[in-house]
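In full-length UniProt numbering, the protein residues as written are 1 to 1152. Right, one structure below, let's go through it.
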Amino acid sequence: MTLNVFYQVRLIRFHPFTPPLYCVVTRFHMTHLKRLLCLSGTALAGMLISSCGSSSIDVPSDVKVAMEKLPEKLDYTYDVKPILSDRCFACHGPDKNKQQAGLRLDLSESALAHVSEENGRNAIDPGNPGGSDLVHRILSADPELVMPTPSSHLTLSTEEKAVLIKWIEDGATYKPHWAFTKPEKATPPEVKDARWVRNDVDRFVLKKLEDKGLKPSPEADKTTLLRRVTFDLTGLPPTVSEVDAFLADQSPNAYEKVVDRLLKSKHFGENMAVSWLDMARYADTHGYQDDGLRTMWPYRDWVISAFNRNMPYDKFVTWQLAGDLLPNPNREMLLATAFNRNHQQSQEGGIVPKEYHTEYVIDRVNTFGKTFLAHTVECARCHDHKYDPISQKDFYSLYAFFNTVNEYGQIPYNGEPSPHITLPKPETEKRLKEIHKRLKELEVTYDQQLKLADTRYESWKALGGERKLPRISGRKGLIFDVRFDTLKIRPWTKEVEIKPSPEELAKNPKAQPRKEIRTGIEYKFTNFVNDTMPMQIRGDMDHLPKMVRNKDRSGVFLPGETYLEMRGFNRGDRARMPDNTAWFNREDPFAIGLWVNIRDPKLDGPLFNRHLGPMNGFRGYECVRLPDGRLAFRMSYVWPDDAMDVETFQQVPLKHWTHIAVSYDGSGSAKGIRIYLNGKPAPVRIMTDNLTQGVIWGKDKSNWGAGTNNLSIGQSQDHNYRGFAVSELKVYNRPVSGWEIAKWVKGPRAAPATRQQVFEHYTFHYDEPLRRIREERSALLTEENELMNHEIDVMVMREQKYPRPTYLLKRGAYDAPGQEVKAMTPEILGQFPQNLPKNRLGLAQWLLSADNPLFARVVVNRFWQQLFGNGIVKTSDDFGNQGELPSHPELLDYLAVDFRESGWNVKRLFREIALSATYRQRSSASEQLREADPDNRLLARGPSYRYSAEQVRDNALASSGLLTQKIGGPSVKPYQPAGIWEALATRNAVNYVQDHGDSLYRRSMYTIWKRSSPPPMMLNFDAAERHFCVVRRQKTSTPLQALVVMNDPQFVEASRVLAQRMMKQGGTSIDDQIRYAYKALTSRLPRQTEMDILKNYFSEEKAELSRNPRRVQELLTVGEFPNDPALDKTELAARMMLATTLMNADEFVIKR
């Protein structure tokens, strides 16, 4: 049955005293009536449309006029949605916590179902503007009713109101957001001017131009085209010989041969890497206040190599997101994951590690969202996204993918943050492979000999070997023995000189050292191994240690900030011992035991340790009480991944004396760590077993001196364990057996040793084959430590063995966890396939699937941006509701699907675009064309914009002949204004020490990038600062840029070197030399008018310089490249000024 919707129509009153005329019509008649009114000239503006019984509304005349000018059919995506998104979604969009009046306008089911509680009208009544509350609100003059509200500072233009009213009148049809629909490969359209078409790209472009009544521009001349494509594919200008060869090649495929040559160039990868490194936020320092140096250049070199090898883009992305999760990952796969670790990290003391770790993971989520989804997911950190359908739960579900890395929030000064991998030099790697092979052989041999040791043990026992066992305590290998049973107190006073801190000197350069009086109390305890080395406590009057005694034993209670230390700074409450006491490396066997009495169940922290805390990667070892009362013992090169970490299942009893002992066999493996509680072995769970380097403080890549990390009880650099008692500390430089531990704890009351205990003791101390294996193993580990000491580490990704849980953070705060969430992709992008693992590898596979609507579009759009200056979607970092719409949506989808079908072939895609007639167009345009398409969104002309910061500098180096062609390697330090690093640095990487020789002339991408002080020349030319992911750089034009080219030493030196080449290689006449320089800098010869201007300028400069020899000398001494003494200085300086002037010409810095 068909239901007719009836409308009440109120026609205009032609005279104020004439009563209105009403009639009732169906929707069908209504449509024809409107057409009739429009055709007859009757003012549609003079009528109101409303449903029967609903309220009516007068449409203002200017809105009526605007409605008449609208096309017959509106497109929701292009006409309506941008208005709703920009003006309405902030209060009526996806953020459920900010939806005013419960109205959500981004979803049709919500918008069409909503009924106003105030007046009973539908928010949107399709086909009935008069019955739609939205229309009443946007037309209202009442500040209490009008939408958008005055407080939002948003308004609707007359045209926008007309669009919304007509859209509702036409049925209020919604469409899904274009970027969330799966791309389809459209058939390239037919065009009228088929002769212009060179490939399918051109058909999509030309069809739109023809629909607009426009024609494409003619093809650029050969020189312009060569210069354009050479810069676009290599980032460098063509050489003069390359220009000449191209101009001489009259074959029909001459340009095609050039493109193929450039795609094979080693410089292609360098050029491609620059924009990728912006997204990867690559830098050579950690960022934040201290901004210390990091080793990340091997990752940069990997990116260059990947593009040069034309690595399939799916592999390029997968390796970076999850190379460590691939089956049997090799070193290259692991290195690629440094992409996820490029973010800023803090070395500062006093930070909350958990807070900064949260920031690191959030950065990864934001980078993933921008780089691969082109969405501003960061807007959902604290609440649901206001414009896009990304909830806060979606954000933290993505966060969960990146929250399982074995890392710590505060990074060290003396090593690369873990997880990391070591990248040894070839000669070192050869020896390391030999060592690792031998260590594996020894492990197998040890297990075999351990089985055979049973027979040797019986022989040893039959010969009376048990009589050799120590009776009770065992003095062999005992290096420290303190009982804490007596206490001697001595007050002390000391005057110390405090030097001004860097921060104080920055505020007041004349700040002087100040003197400070310190006082305290000293306590001495006897070391029964060597009474000349007593243990000391230094305390203050507010936190006095005290002796505690009961029937079991006596000890010392450590209140407040008090703790024990064998040696330390002469301040606070630290005790001292010789520097080398209890310095154990990963190849050294040792054992440490002590009695503790823990009072407070809430306390957690170090019971004993030898390291200096998080600022130094916890390098060393420590035994800690965990928050849940269990014990952990750790040995770390850089905590937490390059470490061994075992945890007990058993808790430490409270308010009782408990004996804790740790024994380590020097094997370099967590399996060699044993923990004993009250003389009994405590079962442990291995959390991490990845210690690859030495743990001795002051060695192994440390930038701190030796002698400052000491065996401490109840303290580490970042954390005191307050309020517990300690008694009887013993340290051995060998492992101890379970039998010895039992004797240690129970003394004469110890139960007789079992056969297993005696056998264990025998294998530790008496079995000769096992001893020889341990000695060889120790020697190999020592050698490995020394070799690794001279190699570089690079941060990578590695999963925790036991992943940490992820919570939705209320208001985005690290310390406000809400509900627990699991790893999952945003709901709007479809279901995460059940057959994929819910980790970063599964995330990469989901991203690359044919069903993902975003990834392929995002990538080809960025590649288009690299060649045309703007993407098909101009907002290449935002494909969401607030982003711009694609100028050529069918072309974008065609390229996206084709890219995936090609096997993600990057060079093929660049070749196709570069060979298109669209790309080859002349960039100049008529006034008419500029008026019709000022931003070249229709692509009726070729691209034209200023070169990137790197390209401008590299252009000067290459054109002058200074450029060093070397690919990769450590970052370099070319010329830079003095004092910039020093003004901003606080502790690490304070001084900028300029390089010399070829390092001055490397490509700009190899310049060291300090986040707090990036290269100023490149910042002036809009390079990204690399603090966070940047998908598209700003494009500015400022006087500072011209001043840089005129005065920066790199450019001035390049001008001088080019001037020398003019005189030596450019011919004998000034005319020939000007032509030589002009072609070197712009790839073409000057026109006669240009020639005349330059000759006149040269004559004027020469005359001026002849009168000013001092200026000549100043010019010729800029830069380190040597001058040719055979050349006339004034002539050289004049040509130098000529070259500088040419470098400021548009053709030198702007792509045509």
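For glycine and all other residues, C-beta sits at the position ideal for the given N, C-alpha and C. Predicted, not measured: the structure shown is a model, and the values here were computed from it.
Under a 10 Å Cβ-count criterion, Pro129 is classified as buried, with 16 or more other Cβ atoms of the shown protein chains found around its own Cβ.
Within the segment 87-171, no run of beta strand (DSSP E) reaches 3 residues while sitting entirely inside it.
With a threshold of 16 other beta carbon atoms within 10 Å, Val258 meets it and is buried.
Contact between Ala956 and Gln1073 is ruled out by a C-beta separation of about 18 Å, above the 8 Å threshold. In this structure, DSSP gives Cys1029 a state outside helix and strand, which the three-state scheme calls coil. Boundaries of the alpha helix (DSSP H) around Tyr919: 917-920. Here Ala123 is buried. Its C-beta has 16 or more other C-beta atoms within 10 Å. In this structure, the beta-carbon distance from Gly812 to Cys382 falls below 7 Å.
Put simply, the segment 367-378 does not touch the segment 763-770. Fewer than three CB pairs are less than 8 Å apart. In this structure Asp628 is exposed. Its beta-carbon is surrounded by fewer than 16 other beta-carbon atoms within 10 angstroms.
Judged by pairs of C-beta atoms under 8 Å, the segment 814-821 does not touch the segment 365-374, as fewer than three such pairs exist. In this structure, Leu478 and Val529 form a Cβ contact; the two beta carbons are roughly 6 Å apart against a cut-off of 8 Å.
In the structure shown, Pro606 adopts extended strand secondary structure according to DSSP, grouped into three states. Rounded to whole angstroms, the Cβ separation of Leu398 and Val365 is 5 Å, and the two are in contact under 8 Å.
Inside the segment 491-518, DSSP marks no whole beta strand (DSSP E) run of 3 or more residues. Contact between Arg586 and Gly668 holds, with the beta-carbon distance rounding to 5 Å and staying under 8 Å. Straight-line spacing of the CA atoms in Thr173 and Leu74 works out to 10 Å. A contact is defined here as three or more CB-CB pairs under 8 Å, and the segment 882-900 fails this definition with respect to the segment 295-303. Apart from the 5 residues on each side of it in sequence, Ala162 sits with its Cβ closer than 7 Å to the Cβ of Val63, Ala66, Met67, Leu70 in its chain, given in chain order. Contact check for Met279 against Cys1029 passes: the beta carbons are separated by less than 7 Å. Nearest C-alpha to Glu169 among Leu145, Leu134, Glu184: Leu134.
A direct Cα-to-Cα measurement between Lys175 and Thr181 gives close to 10 Å. Contact between Val638 and Glu416 is confirmed by a C-beta separation of about 7 Å, below the 8 Å threshold.
The criterion of a C-beta distance shorter than 7 Å is not satisfied by Lys1102 and Leu1116. In the pairwise beta carbon analysis, the segment 682-696 is classified as touching the segment 774-793: at least three pairs are separated by under 8 Å. Three or more Cβ pairs drawn from the segment 346-360 and the segment 281-296 lie within less than 8 Å of each other, which places the two stretches in contact. Between Asn710 and the set His761, Arg227, Glu622, Ala661, the nearest pair of CA atoms involves Glu622.
It is roughly 21 Å from the alpha-carbon of Gln1088 to the alpha-carbon of Arg1152. Straight through space, the alpha carbons of Glu427 and Leu808 are spaced by roughly 49 Å. Distance from the CA atom of Lys440 to the CA atom of Val662, rounded to whole angstroms, is 25 Å. Rounded to the nearest whole angstrom, the C-alpha separation of Asp1146 and Gln1113 is 29 Å.
Runs of the beta strand (DSSP E) lying entirely within the segment 773-839 and spanning at least 3 residues, in chain order: 792-795, 806-809, 817-821. The closest CA to that of Phe863, considering only Arg674, Ala273, His996, Leu325, is found on Ala273. A distance below 6 Å between beta-carbons, with the five flanking residues on each side excluded, links Ile411 to the following residues of its chain, in chain order: Gln345, Gln347, Pro417. A residue is called buried when at least 16 other Cβ atoms come within 10 angstroms of its Cβ; Asp665 meets this threshold and is buried. Below 8 Å, too few C-beta pairs join the segment 598-612 and the segment 668-687 to call them touching: fewer than three.
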